[in-house]
Amino acid sequence: MKKKICSLLLSLLLLFETAAALPNSHKYINLKKEFSKTLILLSNNLIDNQIKNQDDKNFGAIQCKHCNVLHTRAGEGIFPLAISYEITSDAKYLKAAIELGDWLIAQQQIDGSWKETPEEWTGTTTDQLMMLAKTLPAIEKYLSNEKKIIWKSSLKKAANYLVKVMSPEFASINYCATTTASLSETFKVIADSTYLVKAKNLAHRIVSKMDEDGFIEGEGGRNFNNKYGVDLGYDLEMSLWGLGVYANNCNDRFVEKNVQKSLLNHLYFIYPDGSIDNSWGIRSNKWTTYGSATSDGSQITFMLYASEYPQFASAAYRNLKSIRENIFNGYLGYGPHYPLLFNIPPCIYPTFTKAKNLAMAYQISYDKELELKNIPSDSKDWLKHFKTLDVDLIRTKNYMATISNYRYKDYEKRDKSKYMFRPAGGSICNLWVEGYGFLQASSATQYFRWEPMSFPEVGKIISITPRIEFNDSNGYFTNLFEFDSRETSGKEKNNFFVSAAGELRDQKWLAGGVGYKLTHIFSDDRIEKRVELIYHDSQPEINIVEPIIISDGFAIKRIDDRSLVIKSNKKNFLFKVLEGNVNIITNKNLDSFWAPYPALKAFPIYLSVLKPLNDFKQLIRYQISIIDESNMNKLYQ
């Protein structure tokens, strides 16, 4: 009997400890209400930026104060406004939705398409069609008969255009996926079977482009007119919800099964704070930490299957909180430090895209409390390697990190490709610390305004991605341009490790005469980095660059020639060189280490490597460790 009682007590103790370790155990929340709160906030911003002068030829349009452009895609705000009316019964939202819809329809081209102003691209017609198709049934009773005919005619013209042109040969894969949803939604309004035939053909073509891990190829450049390349942001915030809505509308269980399988792997990239890690994706030049700037959002994706997978509801809410933390004066910014880096409102794109996503999520959510189950990043002590990507996720007690060796290459455009300035070569591209947030992150290796519409003008900025680099007479070389690194990962002596070996290369992928092996070793309270350099054809002056994301109360103090203390109001760290001939430099390019995407500012720590005198190899070891307040005080004495 005593043994049974002891066993029961032990089981209860273990249960209690497990519940305490998992932050969302036994918590319930009404997500429909949560979505509505943020949706109303964003919808109010859309109304605040709407042209209200009826004498203006663009009456009803949404202005973008950042770009000074009337983005036709901002017309997609009609559905968020319509749902906001449903939530509040406030006529201002209905009025704004109708006026915006009228303006959008007036911008439609003769062939049924919309140009994505200020550009000529018409693939976004599928986004406008989706919102019109969902809005019309919601507000039809408030439209005159004449206006109903005009709106339905617009739907039909846009749908016919997409039936004609949309394919992976025409557009990146997310547009094809959205079209499966937009056409199946249009069918509810205009019962033309050709819409369903086209939607099914596209959906099955997209599933055929999923790799073994469920990631969708087709966001990058072309090989023989076929697109390849994976972007987690556009997968999670565009393609998967598009396929999911289609599958639900058309009862296509084959597509639904594949979407669910894919989403289970995407779930690993939701960090504990709800940020979506698209640091490594080929469209990571639009990564904002909470998602991607011009894609819709993950709430609709997760809520499609939240009843079957409760952890999806947790992911939707966790990411919603991340979105909220990036709303400044009603606008959704490009990342946590947006107000620190910019003194003007951001482009309206993130605001209306995430609003439409929340409106769709609201519409399909149940008005009841849901239990928030744990997501993968809540668990500790694991490493997951995605073999189709050569991307590793690591989670310890205090750290979570992403390391990318993603090998995708745009062979046709090479250094002219916007997809080839993402982090690679085995560098950490996202590093999160419990109680601190982002300690390191990544941005484009070199910043270009690939799309003037959404890439802001900035002065000289330097990438915030940790890296190895050198400059010589042949140009700039770094491991970040190594897209053929050899990756290994695993666990040794209770520590996780990820190693990458390759060459320091320029933006044309040409080697500069120095090889490297970069190893990251993770324990609960520290990260050790090992850099092995092989000077086989050149002996340039090499720098190891370690940008640290600033936080409230951020300061750095040099303790000696080998160590620094990183201080903040949240957490403190010790940066210490363990081995190697290097000089620590902390006063170089201090104002240049920031990025618009994601909007983050970093403090650069340079390790200037001294050339080996009698050998062609050099090993540098250093670590970043968490230090408590008592040790902090000792170091500051």
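Taking this note's numbering, the leading residue of the sequence shown gets 1445, the next gets one more, and so forth.
Note that the Cβ used here is the ideal one computed from N, Cα and C, for glycine as well.
Asked	Found
Proximity winner among Ser-1637, Ser-1611 and Ala-1635, relative to Ala-1647 (alpha-carbon distances)	Ser-1611
Whole-Å CB distance - Ser-1742 paired with Leu-1784, under 8 Å assumed	The Cβ separation is near 26 Å, so there is no contact.
Close-in-space but distant-in-sequence residues of the same chain around Ile-1988 (CB under 7 Å, 5 per side omitted)	Ile-1912, Val-1975, Leu-2051, Val-2053 and Ile-2064
Identified DSSP bridge partners for Ser-1933	Val-1942
Three CB pairs or more closer than 8 Å across the stretch 1570-1590 and the stretch 1631-1647	yes
With 16 other Cβ atoms within 10 Å as the buried cut-off, status of Ala-1535	exposed
Boundaries of the alpha helix (DSSP H) in which Cys-1620 is found, first to last residue	1617-1633
Any 3 or more C-beta pairs closer than 8 Å across the stretch 1828-1847 and the stretch 1959-1978	yes
Whole-angstrom C-beta distance between Ala-1518 and Ile-1531, which should lie under 8 Å	The pair is not a contact, with the Cβ atoms about 21 Å apart (cut-off 8 Å).
Close-in-space but distant-in-sequence residues of the same chain around Ala-1464 (CB under 8 Å, 5 per side omitted)	Bear in mind that a pLDDT of 40 at Ala-1464, under 50, signals an unreliable position, so the number given afterwards is only what the model happens to contain. There are no such residues.
Sequence-distant residues of its chain with Cβ nearer than 7 Å to Thr-1738 (five each side left out)	Lys-1730, Tyr-1793, Thr-1797 and Ser-1898
Contact check, Met-1575 vs Ala-1621, beta carbons under 8 Å	no
C-alpha gap between Ser-1736 and Leu-1627, whole angstroms	24 Å
Where Val-1958 falls: helix, strand or coil (DSSP)	strand
Asn-1801 beta carbon near the ligand NAD (any heavy atom closer than 7 Å)	Of the ligands one can find in the structure shown there are none, so the ligand NAD has no counterpart to examine.
Same chain only: Cβ atoms within 6 Å of Gly-1718, ignoring 5 sequence neighbours per side	Arg-1762, Asn-1763, Lys-1765 and Ser-1766
When Asp-1555, Phe-1921, Arg-1666 and Gln-1551 are compared against Tyr-1605, the one with the closest alpha-carbon	Asp-1555
For Trp-1762, three-class secondary structure by DSSP	At residue 1762 the sequence reads Arg, which differs from the Trp that was named. Three-state result, Arg-1762: helix.
Which residues DSSP lists as bridging Gln-2067, in chain order	Glu-1972 and Lys-2020
Cα-Cα separation, Tyr-1712 to Gly-1725	14 Å
Separation of Leu-1954 from Asp-2084, as counted between CA atoms	With the chain covering 1445 to 2081 only, the question about residue 2084 has no answer from this structure.
Those residues which DSSP pairs with Phe-1830 across a bridge	Val-1835
Whole-Å CB distance - Thr-1889 paired with Phe-1925, under 8 Å assumed	7 Å
Buried versus exposed call for Thr-1570 [16 or more other C-beta atoms within 10 Å across all chains shown]	buried
Ser-1917 classed as buried or exposed, judged by whether at least 16 other C-beta atoms fall within 10 angstroms	exposed
At least 3 beta-carbon pairs within less than 8 Å: the stretch 1815-1824 vs the stretch 1532-1551	no
Neighbourhood of Asp-1811 by C-beta distance below 6 Å, restricted to the same chain and skipping five residues each side	Lys-1476
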